[in-house]
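Some notes on the structure that comes next.
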Amino acid sequence: MGKLYGGLFGVILMALMLASPLVHACFNPSDMYAVEVILNKPGITYNPQASVPSVLTVGNRTFLLRVWNDSEGIHIRVEIPEKRELGAYWSYSGALVLTKNNLSELTKLGWIGTSVTKNGSSVNVFKKGNVTLKIIFPEKECSSDSDCATGGCSGEICAPKEEVEKIVSPCVYAQWYECFRLTSCGCVNGTCSWKPNPAFEKCLKEHGVDPSKVIRAGTARVEATGPNPEELDRALREFFRTVGINCTRFTLISGSNEGPAYSPEEVSAPEVLKAALEELLEEGIIEGLSEKDIEDISRVANWGKAGWNSHIGWYETKNGTYAWIPYDESKDPQLVRCGGSPGAENASTGWVGPPVQSNGSSSGGASPGTGVLNPGSGINMTHENQAAESYEPKTNAGGLRTICGPASLIGLSLIWPMVRKKK
C-alpha cells in the first residue's frame, strides 16, 4: 500500500507542476541580443502615420529598430544586428615536429607565429592571411636539451635525465644504431627525443627502421580555421609540406556562422534604448513620454530584456505601486511556457513577436513574425566575416572537402566554436 500511495503522490505532484502557470521564462534566440519596452503607461500615444526608421545609429554602431502597436501597447524594440560568415575548419591529432629550419621557412612564406604556455601546455599559433592554425603540445617533460640524456646498454635510449638511469635495455647492438652519430639527444617540442634531420631519417629508412618509432616528437593537437575551404586548403598544403609531414587524405569541414555583430558586453543597452526613445519622441512618432520615463526605462534596460516574459513595461510592482520594470518581475506575471517554434503564437497570450520586415501598427498591415529580425542595411551595418566569440555555437556542417594532409592522422573532430546554425 505504501508503494501505491507513493506512486499516486508522485503522479499528483507531476500534474500540479505541469498545470502551474508560473513556468520558467522562455525566449526567442534573438531576444538575447535585444531590449524591448512596451509603452503602456496611460498618456503615451503613437502616431501610426509617422515614418519609422528601421535602423538606429548610436556612435559608430548600427542597431535594428522595430516599432509596432498592438493590444498590449506601443512596442519599441532595439536589437543588435546579426552577421553571417562562411568558414572552414579542420583538426588533427598526431606526431608533429617544429624545427628551427622549418620555422624559418614558414616565416619566409609569410606565416607569423607566436608561442605561449597555458596550464603547462605549449600553444603555438600561426597565421597567414585569413587562416589561423593553432598547435597545442601537451605538458612538457623537458624545457631544454640539458634536461635529457642517453641511456640503455648501447646508448640507444633518449629520455629525461632523472628517468634514463632507471631504464634497462638488452645489450644488443643493432646496425641501425650507427645512425645515432648523425643526430643528438635533446628536447624536441617538450619531449626528450633523438633530434630529427634529413640525414638521420634517411639512415634509419635505409636500415628498414620507421623514423616515427625512434623520434619521440610528442603528440600535438592541431586546429585550423579559415574563411572558406579553398583558402584553408592552400594554407594547410603549404604548412604541412614545409614541416615535412607526408601526405594522406583528410576531411575539411565548411559551414556558416551567424551571431551578433557586436558583443553585448561591448555595447550599452541603456544607452541604445535611451537614444531610440529620444529619437522617436523628437520625430513625433511617440508622444507623452517624459524625460523621467526615459531615465527610468533606461535604468532597467539590459540585453535580453525582450520578448513576452522579459520585456520592460509600466507594471504593478510586488508592493502595489507602478513602475517601469521587466514584466517577469511584476506582480503576478503570466509567463509563457517554452515549447513549439520560437516566436510562435502562444494560446494563452496571443504573443506573436515583432514585425519581420516593416515597422508600424500590427493592425495596420505590418506582418507579425517570429521575432528573428533581418539585419537590413544602413550606415555602419556590419556584414563582414568576423568570428563571434563567447557564445554557445550551433553548427551547420556544410560541404565536405578532401585534401592532402598529415600521414599520421589519428582523429577528426567536428568541433567548431565559430560555427553557428541559422536560428
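Going by UniProt numbering, the first residue of the sequence shown is number 1, and it counts up by one from there.
Positions of the beta carbon are idealized from the N, C-alpha and C atoms, including for glycine.
- Query: Alpha carbon to alpha carbon, how far is H207 from C171?
  - Reply: 19 Å
- Query: Residues in its own chain within less than 7 Å of K166 by CB, not counting five upstream and five downstream?
  - Reply: none
- Message: Mapping the DSSP letters down to three states, classify W324 as helix, strand or coil.
- Response: strand
- Three-pair Cβ contact test at 8 Å for the stretch 223-243 versus the stretch 127-146: yes
- Query: Using 8 Å as the Cβ pair cut-off and three pairs as the minimum, do the stretch 42-55 and the stretch 260-277 touch?
  - Reply: no
- Query: How close, in whole Å, do the beta carbons of D233 and C192 come, if the pair is a contact with beta carbons under 8 Å?
  - Reply: About 35 Å; that fails the 8 Å criterion.
- Query: Among residues of its own chain, excluding the 5 on either side of I325, which ones have a beta-carbon nearer than 8 Å to its beta-carbon?
  - Reply: V300, I312, G313, Y315, T317
- Message: Using a Cβ-Cβ cutoff of less than 7 Å, which residues in the same chain neighbour I136 once the five nearest sequence positions on both sides are dropped?
- Response: S121, V123, A220, R221
- Item | DSSP beta-bridge partners of T150 | C158
- Task: Classify K83 as buried or exposed, calling it buried when 16 or more other Cβ atoms lie within 10 Å of its own Cβ.
- Result: buried
- Would you mind working out which of G151, G113, G284 sits nearest S184, comparing C-alpha positions? G151
- Below 9 Å between beta carbons: does that hold for C203 and L182? yes
- Message: Taking its Cβ as the centre, do 16 or more other Cβ atoms sit within 10 Å of L13, making it buried, or is it exposed?
- Response: Here L13 scores only 45 on pLDDT, less than 50, and its place in the model is too uncertain to base an answer on.
- Got a sec, what are the start and stop residues for the alpha helix (DSSP H) C203 sits in? 198-206
- Message: Within 10 Å of its beta-carbon, does N309 have 16 or more other beta-carbons around it, so buried, or fewer, so exposed?
- Response: buried
- Task: With a 10 Å radius around its C-beta and 16 neighbouring C-beta atoms as the bar for buried, classify A276 as buried or exposed.
- Result: buried
- Can you give me the Cβ contacts of P211 inside the same chain, cut-off strictly under 8 Å, excluding the 5 residues immediately before and after it? P196, F200, E201, L204, K205
- Item | Inter-residue spacing [alpha-carbon to alpha-carbon] between E282 and L289 | 11 Å
- Item | Run of the beta strand (DSSP E) containing V272, from where it starts to where it stops | Careful: V272 lies outside any beta strand (DSSP E), inside the alpha helix (DSSP H) at 269-282.
- Query: Relative to the alpha-carbon of S30, which residue among E72, V188, R77 has its alpha-carbon at the smallest distance?
  - Reply: R77
- Message: Measuring alpha carbon to alpha carbon, tell me which residue in E105, D296, T242, A149 is nearest K161.
- Response: A149
- So is D332 buried or exposed if we call it buried at 16+ other beta carbons inside 10 Å? exposed
- Tell whether a beta-carbon distance below 9 Å holds between N28 and G307. yes
- Strand pairing of L56, partner residues [DSSP]: F63
- Task: Quick one: residues in its chain with C-beta nearer than 7 Å to the C-beta of Y177, no 5 flanking neighbours on either side, listed in chain order?
- Result: S154, E156
- Comparing alpha-carbon positions, which option in S91, V37, V336, G110 lies nearest D70? V37
- Can you tell me the Cβ-Cβ gap for P260 and I80, rounded? I've got them flagged as a contact below 8 Å. 4 Å
- Message: Considering Cα atoms alone, identify which of H75, S115, C187 is closest to N40.
- Response: H75
- Interface flag, A149 vs chain D, CB-CB below 9 Å: Within the model displayed, chain D is absent; a lone protein chain is all it includes.
- Item | Pair within 9 Å by beta-carbon distance, N189 and L98 | yes
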